[in-house]
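For the sequence shown, position 391 matches number 390 in our numbering, and the numbering has no gaps at all. In this text, a Cβ means the ideal position worked out from N, Cα and C, and glycines have one as well. Predicted model only: the values in this text are computed from it and were never measured. Read through the structure below, which is laid out as C-alpha cells, and then see the notes.
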Amino acid sequence: MTEEEIELENAAIAKEYRKLLRISYQSLSKEDKKLIRLAFNTAVDAHKEQRRKSGEAYIFHPIAVAKIVAAEIGLDATSIAAALLHDVVEDTEFTLADIEQLFGETIARIVDGLTKISNLKQEKDVSLQAENFRKMLLTLNEDVRVIIIKIADRLHNMQTMDSMPQHKQVKIASETLFIYAPLAHRIGLYNIKTELEDLSLKYTEPDVYSDIADKIEETKEEQKAYIKAFNNTLRDCLDNEKLDYEIKGRPKSIYSIRRKMLAQNVTFDEVYDKFAVRIIYKSAYEHEKFLAWKIYSIVTDHFRPNPVRLRDWISSPKSTGYEALHITVMGPKGRWVEVQIRSERMNEIAEKGYAAHYKYKQGSEKETGLDEWLNRLQEALENQDSNAVDFVEEFKLNLYAKEIFVFTPKGDLKSLPKGATPLDFAFHIHTEVGLKTRGAKVNGKLVPLSRELKSGDQVEIITSEKIKPTANWLDYVTTARAKSKIKNSLNEERKLIGQEGKEILTRKLRQLKIALDEKTVNELVNFFGLKTSLDLFYRAGIGNIDNQKLKEYAAQRSNTLINFFKKRIRRPGNDPQINKEEVTHNYDQLVFGKEEEKLDYKPSNCCNPIPGDEVFGFVTVNDGIKIHKYNCPNAVSLQANYAYRIMKAKWIDSSQQEFMVELELTGIDKIGLLNDVTKVISNIMHVNMRKLNFDTDDGIFKGNLTVMVKNKKTLNKLVENIKKVNGIDKVNRL
Ligand code: MN
Numbered sequence: 000m001t002e003e004e005i006e007l008e009n010a011a012i013a014k015e016y017r018k019l020l021r022i023s024y025q026s027l028s029k030e031d032k033k034l035i036r037l038a039f040n041t042a043v044d045a046h047k048e049q050r051r052k053s054g055e056a057y058i059f060h061p062i063a064v065a066k067i068v069a070a071e072i073g074l075d076a077t078s079i080a081a082a083l084l085h086d087v088v089e090d091t092e093f094t095l096a097d098i099e100q101l102f103g104e105t106i107a108r109i110v111d112g113l114t115k116i117s118n119l120k121q122e123k124d125v126s127l128q129a130e131n132f133r134k135m136l137l138t139l140n141e142d143v144r145v146i147i148i149k150i151a152d153r154l155h156n157m158q159t160m161d162s163m164p165q166h167k168q169v170k171i172a173s174e175t176l177f178i179y180a181p182l183a184h185r186i187g188l189y190n191i192k193t194e195l196e197d198l199s200l201k202y203t204e205p206d207v208y209s210d211i212a213d214k215i216e217e218t219k220e221e222q223k224a225y226i227k228a229f230n231n232t233l234r235d236c237l238d239n240e241k242l243d244y245e246i247k248g249r250p251k252s253i254y255s256i257r258r259k260m261l262a263q264n265v266t267f268d269e270v271y272d273k274f275a276v277r278i279i280y281k282s283a284y285e286h287e288k289f290l291a292w293k294i295y296s297i298v299t300d301h302f303r304p305n306p307v308r309l310r311d312w313i314s315s316p317k318s319t320g321y322e323a324l325h326i327t328v329m330g331p332k333g334r335w336v337e338v339q340i341r342s343e344r345m346n347e348i349a350e351k352g353y354a355a356h357y358k359y360k361q362g363s364e365k366e367t368g369l370d371e372w373l374n375r376l377q378e379a380l381e382n383q384d385s386n387a388v389d390f391v392e393e394f395k396l397n398l399y400a401k402e403i404f405v406f407t408p409k410g411d412l413k414s415l416p417k418g419a420t421p422l423d424f425a426f427h428i429h430t431e432v433g434l435k436t437r438g439a440k441v442n443g444k445l446v447p448l449s450r451e452l453k454s455g456d457q458v459e460i461i462t463s464e465k466i467k468p469t470a471n472w473l474d475y476v477t478t479a480r481a482k483s484k485i486k487n488s489l490n491e492e493r494k495l496i497g498q499e500g501k502e503i504l505t506r507k508l509r510q511l512k513i514a515l516d517e518k519t520v521n522e523l524v525n526f527f528g529l530k531t532s533l534d535l536f537y538r539a540g541i542g543n544i545d546n547q548k549l550k551e552y553a554a555q556r557s558n559t560l561i562n563f564f565k566k567r568i569r570r571p572g573n574d575p576q577i578n579k580e581e582v583t584h585n586y587d588q589l590v591f592g593k594e595e596e597k598l599d600y601k602p603s604n605c606c607n608p609i610p611g612d613e614v615f616g617f618v619t620v621n622d623g624i625k626i627h628k629y630n631c632p633n634a635v636s637l638q639a640n641y642a643y644r645i646m647k648a649k650w651i652d653s654s655q656q657e658f659m660v661e662l663e664l665t666g667i668d669k670i671g672l673l674n675d676v677t678k679v680i681s682n683i684m685h686v687n688m689r690k691l692n693f694d695t696d697d698g699i700f701k702g703n704l705t706v707m708v709k710n711k712k713t714l715n716k717l718v719e720n721i722k723k724v725n726g727i728d729k730v731n732r733l
C-alpha cells in the first residue's frame, strides 16, 4: 500500500468510528465514550496486521459489529466496547487477562464467552453439534449480551460473505438458519432475524433468491400506489380524531415469501399478502390501548375485517415482548391485507427487541415474558442430565412455537407453546405441582392429561401426594421443561429402586457364595446384556433378575472358556448397521409377532445379529426360529420365497415391559370397598390400572380388574395386599 492509501484507510476507519458514536440508540455519557474510545484503540492496535479476505483492514469488521450492536440492537456502552473487542483474544496476541486488566471483569467475561463460541468446532456429528450448541447457550448463564453480540457478529459476516469460497458460504448460511435466526427471533430481534434468513437464502438458493428479489422490485410501484389508496381512504377520519400517525407499507421478507410459495405450492404472483400495512401512532403510555382500538374502529369502518384474523397482542403481549393489534381487512381493489396497529413504543420494541424492552421496563418491577423465558432457559441449561440432542430438538421447537394463552383457576393468564397439554401447564406453574399431578380439569370438566389446550381454556390441576411420574408421562407433554423434569424424576426413582436392588442382589449372590464386587458387577452386566450397573440393580429391584439365571451365571463363572465365548458374542463392535440411538436403550429381549410373544430362537450364522440390530424371525423346518438381520445377504431371498415363514421381531427392554393381568375379586359389599381396593393398587409401585368393572348382587361384591404389572413378584404383592382389604374374600387370576 502506498502512503496515500494508508492515509485514506485511516481516515475511513476514523469516520466509521465517529459514526458508531453518532448512531448509538442509547445516549452515551462522557464515561461511556471514554470506554468505547479505549476499546476502539485497543482493537485497532491488536488487529493492525490483519486483513479480511476481501482485502480491507480487519478493524472494519469489529466496528461494523459494534455499529449493529449500538444502533440496530441498541445495547449499552459495555456491549459496544465488548463488540469492538470480540475477536481480539481469539485472533491476536492479546490475552483475556489483558482485557480484564484494561476493561474490568464484565467486558472480559463477555469477550471470553464470545471467544469460547468461536472456538467451538464445526461438527458433522449431530450429537456433537448439539453439544456445541448447548455449550453456546450456556454462555447465556453468564450474560445474555454474549449471544446478542454473537448474533450481530454473524449478521455482519453474512453481509460480507462474497469473497468466501462457495462451500463455506453454504455451510455458514445453513448454520445461520439452524441456530442464529431462531435465536434472534426468540430474543425479539425481528429485523435481524429477517435479514439473517434472507441472506441465508441468498447463499443456499441463489437463483430463487434473486428471482424473488427482482419480482419484489418490479412490484414496488404498485405497492406504493396501494398504500397511497389506503392512506387516502383513512386520512380524513384519522385526522378528525387528532391522531398523530404514520401509515407505511411493510413488504414481506424474501425468505417468508419463499416459504409461503413452498407451503401453499403457489407462484410469486399467487402469494396474496406480500406486504402489510403498518399504522404507527404517537401516544402517552396510558392511552395506547384505547387509541389502538380507536384506529381499529376507523379502519374497519372503511374496510371489512376478516373476523378470524384478529390478533390482540396488546392485551396479551407475546412472550418475546411483542405488542400490537393485527387485523386483516378487505382493502382497496378487493384484496385482503394485514393491518398492524402499533404505538411508537410498541414499534420500538418490535424493531429493537431486547434493548427497547428493558428501556421501557425501567420503573416497573413486573417480570416480562422475555425475563421469564431467559430464566427458564437458564434452568433447562443447568439441568445437566438431559441428553444434548433431545435438548436442542426441544429447545428449537420452543423457539419458533406459536403461543396459546390459558387461565389459572384464579384467572391469571399464562402463555404456553401451542400443543401444550394440562400436564405441561402443571409443570409451567411449578415443578412440584407437575410432579404431583393426578388429573386436570379444563373449563370445569375432567380431561385426559394429554389433551391439547386451546387459547382461553381455564385449567385446574388436581394433585395428590401419592402420585409419581411414570414413563407414559413423557408422551403427555410437549414442552422441554416438563420433559426434563419428568426424566429427572424417573431417574431418581430408578436410583432408589437400584439401591434396593443392590441389596437384594447381594443377598442372592451370597447364597451362591459369590461376593458382589466390581468384577462380579461387570460380569453380570455383560451376562444380562445390559449397559450399566444401574440397569442391573434396577432390574434386581423390580424383580426381573431371577434365581435360575443367577445360577446359570454362577455355573459359567467357573468356566473361563465359556466366559470368553460369551464376551465374544456380546462384543458390541462398530457394526455400522446398529442404530446408535437404539443401542442406548437396554435391549435385552427379543419378542415376536403382533402379540410380542417371547419365543425361543437362535441367531443365524450368516449374519450373526446382536441385540439392537433390526431383525426378523424365520421359522426353519428342523431348527426352530432363527433370526436374521434385515440386511442379511440371505434376507431378500428368504422373504421372497418363504414370506409365510417370516415373523416380525423386535428388541425390547424387558425392564420396561408390562404385562396385562386380569383379576377377579369377590367379597362382601360395603361402603368404601371399591375405594379401598383402588387405594391399594395405586400405592403399589409399578402398577397401572387399566379397567375396573364391578357388580353387586344381594350384598355380594364381584369385580373385574385389569392391571399392568412389570413382573410376577409385583403381581403377587398386589394380590396379597388386595386380599388384606376388609371385605374382600377371594382374588383370582383369569
Ligand atoms: Mn467476528
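Coil, strand or helix - residue i by DSSP
{"i": "Ala42", "result": "helix"}
{"i": "Lys281", "result": "coil"}
{"i": "Gly616", "result": "strand"}
{"i": "Asn96", "result": "Residue identity differs from the one stated: residue 96 is Ala in this sequence, not Asn. It is helical."}
{"i": "Thr469", "result": "coil"}
{"i": "Tyr24", "result": "coil"}
{"i": "Gly726", "result": "coil"}
{"i": "Glu89", "result": "helix"}
{"i": "Thr436", "result": "strand"}
{"i": "Pro575", "result": "At Pro575, the pLDDT of 40 sits below 50, so the modelled position is not reliable and the matter cannot be decided from this model."}
{"i": "His429", "result": "coil"}
{"i": "Met260", "result": "helix"}
{"i": "Ala634", "result": "helix"}
Check: residue i C-beta below 7 angstroms from any heavy atom of the ligand MN
{"i": "Val328", "result": "no"}
{"i": "His46", "result": "no"}
{"i": "Asp86", "result": "yes"}
{"i": "Val806", "result": "It is not possible to answer for residue 806, since the shown part of the chain is limited to 0 through 733."}
{"i": "Asp111", "result": "no"}
{"i": "Asp152", "result": "yes"}
{"i": "His60", "result": "yes"}
Supposed close pair residue i, residue j - CB separation, criterion 8 angstroms
{"i": "Val276", "j": "Ile226", "result": "6 angstroms"}
{"i": "Ala76", "j": "Ile58", "result": "So it is not a contact: roughly 19 angstroms between Cβ atoms."}
{"i": "Ser414", "j": "Ser296", "result": "So it is not a contact: roughly 27 angstroms between Cβ atoms."}
{"i": "Val432", "j": "Ile460", "result": "6 angstroms"}
{"i": "Ile340", "j": "Ile403", "result": "Not a contact, Cβ separation roughly 22 angstroms."}
{"i": "Ile35", "j": "Ile79", "result": "5 angstroms"}
Beta carbon of residue i nearer than 8 angstroms to that of residue j
{"i": "Ala69", "j": "Ile109", "result": "no"}
{"i": "Gly187", "j": "Gly333", "result": "no"}
{"i": "Ala648", "j": "Phe700", "result": "no"}
{"i": "Leu637", "j": "Ile645", "result": "yes"}
{"i": "Leu425", "j": "Thr407", "result": "According to the sequence as given, residue 425 is Ala; it is not Leu. In this structure, Thr407 does not lie closer than 8 angstroms to Ala425 by Cβ."}
{"i": "Val298", "j": "Val336", "result": "no"}
{"i": "Tyr280", "j": "Ser342", "result": "yes"}
{"i": "Asp675", "j": "Thr695", "result": "no"}
{"i": "Asp152", "j": "Val87", "result": "no"}
{"i": "Ile626", "j": "Ser653", "result": "no"}
{"i": "Leu154", "j": "Leu195", "result": "yes"}
{"i": "Leu19", "j": "Lys32", "result": "no"}
{"i": "Asn720", "j": "Val679", "result": "yes"}
{"i": "Phe39", "j": "Leu83", "result": "yes"}
{"i": "Lys690", "j": "Thr705", "result": "yes"}
{"i": "Gly497", "j": "Gly528", "result": "no"}
Per DSSP, the bridge partner or partners of residue i
{"i": "Gln339", "result": "Arg277, His325"}
{"i": "Gly248", "result": "Val276"}
{"i": "Tyr715", "result": "It is Asn, not Tyr, that sits at residue 715 in the sequence shown. For Asn715, which the question treats as bridged, DSSP gives no partner whatsoever."}
{"i": "Thr695", "result": "Phe700"}
{"i": "Leu412", "result": "Phe406"}
{"i": "Leu182", "result": "Answer by DSSP bridge pairing: none, since Leu182 is not bridged."}
{"i": "Ile651", "result": "Gln588"}
{"i": "Gln457", "result": "Phe406"}
Below-8 angstroms beta-carbon distance, residue i vs any chain D residue
{"i": "Gln547", "result": "Annotation note: the requested chain D is absent from the structure, which comprises a single protein chain."}
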